[in-house]
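Data first, discussion second: the structure below is written as structure tokens.
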Amino acid sequence: MKRRSLLASLPAVFLTGTASAWAAAPEKSRLPIVDVWKDPSCGCCKFWVEHMRAHGFQVRQHEDGNQEIRARLGLPDALGSCHTALVNDYLLEGHIPAEDVLRLLKLGPDAIGLANPGMPIGSPGMDGPAYRGRMDPYSVLLVSKTPGGQIKTRVFARH
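Residues in the sequence shown are numbered from 954 upward in steps of one, following the working numbering.
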């Protein structure tokens, strides 16, 4: 009788374990859409979009530059780069690694978003064969506003 009970419980154990593993695995279709504003001729932006898609994000591209959207979102030019993106109301400025975006979405801080000013070599989109494996250190910044409306930053990730 004990053996019969054990055998009867195996499907429940299997299903519970499968459901737990399924829930813990990131499902690509659950990741939010990333809207990207960029210049249509920018190759490194194209490679960053490919990087984001390879990590499961759906990406919508707006090929009319990023100056207007960056200004509308209140990001100073000093923090600017060649493309600006929005994901779940967070700004992503420049070549932000997908793992940093995933961490931002998981933490959900009270912030404008992330910025990787300039175009650091070795960052996603700036890491192709033309750079011969070169990897310059860079920091991804968490951008937020003070109660008085001033922009402030702090290091979110170092690469």
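A virtual CB, placed ideally from N, CA and C, is assigned to each residue, including glycine.
Remember, predicted model here, so these are calculated numbers, not experimental data.
Cα separation between V1011 and I986? Sequence inspection shows Gln at residue 1011; the Val mentioned does not correspond to that position. Going by the C-alpha atoms only, they are around 5 Å apart.
Residue interval of the alpha helix (DSSP H) (run including E1016): Where E1016 is concerned, there is no enclosing alpha helix (DSSP H), given that its DSSP letter is neither H nor E.
Measuring CB to CB, does A1068 end up less than 8 Å from G1047? yes
From G1081 to K999, what distance separates their C-alpha atoms? 12 Å
Relative to the C-alpha of L1057, which residue among L1094, R983, E1016, D992 is closest? L1094
Between the CA atoms of L1026 and Q1020 - distance to the nearest angstrom: 10 Å
Quick check: the Cα distance between M1115 and L984, rounded to an integer number of angstroms? A question about residue 1115 goes unanswered here, because the residues of the chain that appear run from 954 up to 1112.
Cut-off 8 Å between Cβ atoms - residues of its own chain near K1098, not counting five sequence neighbours on either side: G1027, I1065, I1104, K1105
Pick from G1061, D1063, P1070 that is closest to P1029, judged by C-alpha positions: P1070
In angstroms with no decimal places, state the Cα-to-Cα distance between N1041 and I1049. 15 Å
Segments assigned beta strand (DSSP E), at least 3 residues, entirely inside the region 1011-1058: 1011-1015, 1036-1040, 1043-1047
Roughly how many angstroms separate the alpha carbons of M1088 and G1075, rounded to a whole number? 4 Å
Between which two residues does the alpha helix (DSSP H) holding R1006 run? 996-1007
Drop a sphere of 10 angstroms on the beta-carbon of V1108, count the other beta-carbons inside from all chains shown, and report buried for 16 or more, exposed for fewer. exposed
Assigned exposure category for K1059 - 16 Cβ within 10 Å defines buried: exposed
Looking at the unbroken beta strand (DSSP E) that takes in S1201, where does it start and where does it end? For the chain, the structure presents residues 954 to 1112; residue 1201 sits outside this window and is missing.
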